[in-house]
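Here is the structure we will look at.
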Amino acid sequence: MSVLTENSSNSAKAPYQIKLEIFEGPLDLLLYLIKKEEIDIYDIPIAHITEEYLKYVQLMQELDIDFASEFLVMAATLIHIKSKMLLPVSTTELNELENVEDPRNELVNLLLEHKKFKSAAEMLWSRAEVEQGVFTRAPLESDKENPEVAATVFDLVAAFKSLLDKRKEQLQVEIANDKITLTQKINEIKNLFKTENKISVSKLFLKASSKAEMVIIFLAVLELTKESIIGLLQTETFGEIIAIKIHDTFTNKANN
Amino acid sequence: MTRSQIKPIIEALIFVADQPIQLKEICQAISEEEPQEIQEALLELVKDFNGRESGLEIREISGGWRISTRPFYHEHIRRYLKTKPSAKLSLASLETLAVIAYKQPITIPEILEIRGVSSSSAIKTLLERRLIVPKGRKDCVGRPIMYGTSKEFLIQFGLKDLSELPNIEDFEELLTN
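In structure tokens:
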């Protein structure tokens, strides 16, 4: 989440703009406070940092920022650690001194881990920057006809949803229709592929007379893809998804 | 064929491929030669080509070979293309991507644990950009989906393979020093 920002301009009720650091989460806020207060991460004055942390959380609430519950969880954790540190260590525990763990350890480890991945993100950032300065040749005409981008389940679901939306009005009246089974549908599609090598997936849906049937078709396409009887290709992003026959497996299965 | 006859063929193939071309694909195209010989020719070609210190280079990316401009000349190219470098991902998405890259395969709850914040919108962005892909389900309660980085990730960040990522423990040393 962010305590800020540029986009506060679109919240009409804010009469003025506030610019503060961006805190992606409670760990970010803690790291910011540790840096600001010049604190040694291995020896955090927990009472002090808790106080500072709660100030910020309060500020967020006052500013009416819709902040994530994770910030409150961290506040509770901090207070818990603080209370643990106030409790005297029992004598039996003192006897086994090496077993007495600093209640802050878990938090410190979390912070260090988080910091590590922040540096890793910076590394990725600079790599991407260098790579953006690298150019390959422009695509050739023939690349476009080359369906290299395989469609994912996400594309398929998105395509299915847009079709459902399109057919919403027509589908308002639902008559109890003949029950079509998944197996029937699979065989039907298999039969289509006996004569065709590729069929646009949206074409398969066009024949559907009800939402239920569309769902069955969708499942049948997924099943056939899973069984590698057909393959799904998409020539360009958001483009048409094409089902193609995968030869060797197809002929075997179709004969069964 | 002699080696000096094979090399220009490989060079032409690398140029024409629109994705980094794999050794396997090169071997299929030059089927009359032994794979061993082709591999040696390829490595020699890369050495020759990059040794010329021209504006182009051959690099191994995402398990294949690619001809591209050298990063050093990006300013002049941009001036010609009239493009600006764009910040492609938000910091939150990059951090999430870093966690996934180093801890893959990893589930959403595990990412939450490391980042201390729910990362679902970042994950959605990364999935849409095809930088990460689902890598099956974890065998535990709820069978959550595990995610890992994709081929596209290697291409966009200019990596040969995942082992080319700097060691995460080096970041730790950087922190403690």
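Residue numbers (the numbering used here), protein chains in the order written: chain C, 1 to 256; chain B, 1 to 177.
Glycine residues also receive a C-beta, built at the ideal position from the N, C-alpha and C atoms.
The structure presented is a predicted model; accordingly, all values stated were derived computationally and were not measured.
- prompt: Using the rule of at least 16 other Cβ atoms within 10 Å of the residue's Cβ for burial, across every protein chain shown, is B/S4 buried or exposed?
  reply: Working through the second sequence from its first residue, we reach residue 4 of chain B at position 4. B/S4 comes out exposed.
field: Burial state of B/S86, where buried means 16 or more other Cβ atoms lie within 10 Å
entry: For this step, residue 86 of chain B is matched to residue 86 along the second sequence. With fewer than 16 Cβ atoms within 10 Å of its Cβ, B/S86 is classed as exposed.
Given C/D165 as reference, the closest of C/I79, C/E62, C/L206 once Cα atoms are compared: Stepping through the first sequence from its first residue, residue 165 of chain C is reached at position 165. C/D165 has its Cα closest to that of C/L206, out of C/I79, C/E62, C/L206.
message: Give the list of continuous alpha helix (DSSP H) stretches no shorter than 4 residues that lie fully inside the segment 72-124 of chain B.
response: 74-81, 91-103, 108-115
Alpha-carbon to alpha-carbon, C/L156 and C/I241: Here residue 241 of chain C refers to the residue found at position 241 of the first sequence. Here residue 156 of chain C refers to the residue found at position 156 of the first sequence. Between C/I241 and C/L156, the C-alpha separation is close to 8 Å.
- request: Give me the Cα-Cα distance between C/P147 and B/N50, rounded to the nearest whole angstrom.
  value: As a working mapping, residue 147 of chain C is identified with position 147 in the first sequence. As a working mapping, residue 50 of chain B is identified with position 50 in the second sequence. Note that C/P147 has pLDDT 47, beneath the 50 cutoff, so the model's placement of it is unreliable and the number below is only indicative. If I take the Cα positions, the gap works out to 31 Å.
- prompt: Do you know how far the Cα of B/A101 is from the Cα of C/L124?
  reply: In the first sequence, counting from the first residue as 1, residue 124 of chain C sits at position 124. In the second sequence, counting from the first residue as 1, residue 101 of chain B sits at position 101. Cα to Cα, the separation comes out at about 10 Å.
message: I want to see whether chain C comes within less than 8 Å of B/F171, judged by CB atoms only; does it?
response: Residue mapping note: residue 171 of chain B aligns to position 171 of the second sequence, counting from 1. Taking Cβ atoms only, chain C reaches closer than 8 Å to B/F171, which makes this a yes.
message: Assuming the contact rule is C-beta atoms closer than 8 Å, B/I168 and C/A120 should be a hit. Round their C-beta distance to whole Å, please.
response: Translated into positions along the second sequence, residue 168 of chain B becomes position 168. Translated into positions along the first sequence, residue 120 of chain C becomes position 120. Yes, B/I168 and C/A120 are in contact; Cβ-Cβ is about 6 Å, under 8 Å.
- request: Taking the CB atoms as reference points, tell me whether C/E24 and B/E95 lie closer together than 8 Å.
  value: Within the first sequence, residue 24 of chain C is the residue found at index 24, counting from 1. Within the second sequence, residue 95 of chain B is the residue found at index 95, counting from 1. Yes, they are a contact pair.
message: Judging by CA-CA distance, which residue of B/D161, B/I155, B/L43 is the nearest neighbour of C/V130?
response: Numbered from 1 along the first sequence, position 130 holds the residue referred to as residue 130 of chain C. Answer by Cα proximity: B/I155.
message: At a CB distance below 9 Å, what residues from the segment 113-125 of chain C approach chain B? Give them in sequence order.
response: E113, H114, K115, K116, F117, K118, S119, A120, A121, E122, M123, L124, W125
query: Run through DSSP, which three-state label would B/Q22 get?
result: By 1-based counting over the second sequence, the position of residue 22 of chain B is 22. DSSP places B/Q22 in coil when its eight states are reduced to three.
field: Extent of the continuous beta strand (DSSP E) to which B/R66 belongs
entry: Here residue 66 of chain B refers to the residue found at position 66 when the second sequence is read from its first residue. Taken as a continuous stretch (DSSP letters only), the beta strand (DSSP E) holding B/R66 covers 64-69.
message: Distance check for B/E57 and B/P35, CA to CA, integer angstroms please.
response: As a position in the second sequence, residue 35 of chain B is number 35, starting the count at 1. As a position in the second sequence, residue 57 of chain B is number 57, starting the count at 1. Spanning the two alpha carbons is a distance of roughly 23 Å.
- request: Throw me the rounded Cβ distance for the C/E70 and C/P26 pair, which I believe falls under 8 Å.
  value: Taking the first sequence and counting its residues from 1, the one referred to as residue 70 of chain C is at position 70. Taking the first sequence and counting its residues from 1, the one referred to as residue 26 of chain C is at position 26. Indeed, because the Cβ distance is near 5 Å, the residues count as touching under 8 Å.
query: To the nearest whole angstrom, what separates the beta carbons of B/V99 and B/R115, a pair I think is in contact under 8 Å?
result: Translated into the one-based positions of the second sequence, residue 99 of chain B becomes position 99. Translated into the one-based positions of the second sequence, residue 115 of chain B becomes position 115. About 6 Å separates the two Cβ atoms, so the contact holds.
task: Keeping to the same chain, check which residues put their C-beta closer than 7 Å to that of C/L224; ignore five residues upstream and five downstream.
output: Here residue 224 of chain C corresponds to residue number 224 of the first sequence, with the count starting at 1. Cβ within range, chain order: I186, I189, I230.
message: Does the beta-carbon of B/L159, which I'm using as the reference point, lie nearer than 7 Å to any heavy atom of the ligand GTP?
response: Because no ligand of any kind appears in the structure shown, any question about the ligand GTP cannot be addressed here.
query: For B/T149 versus B/L127, is the C-beta distance shorter than 8 Å?
result: Start at 1 with the first residue of the second sequence, and residue 149 of chain B comes out as number 149. Start at 1 with the first residue of the second sequence, and residue 127 of chain B comes out as number 127. No.
- request: Measure the Cβ-Cβ separation of C/T136 and B/S68 and say whether it is below 8 Å.
  value: Here residue 136 of chain C is taken as the residue at index 136 of the first sequence, counted from 1. Here residue 68 of chain B is taken as the residue at index 68 of the second sequence, counted from 1. In contact: C/T136 and B/S68 (Cβ atoms closer than 8 Å).
message: Between the alpha carbons of B/V46 and C/V201, how many angstroms are there, rounded?
response: Numbered from 1 along the second sequence, position 46 holds the residue referred to as residue 46 of chain B. Numbered from 1 along the first sequence, position 201 holds the residue referred to as residue 201 of chain C. Spanning the two alpha carbons is a distance of roughly 43 Å.
task: Have a look at the DSSP bridge pairing and note the partners of B/V133.
output: By one-based count along the second sequence, residue 133 of chain B stands at place 133. B/V133 is bridged to B/G148.
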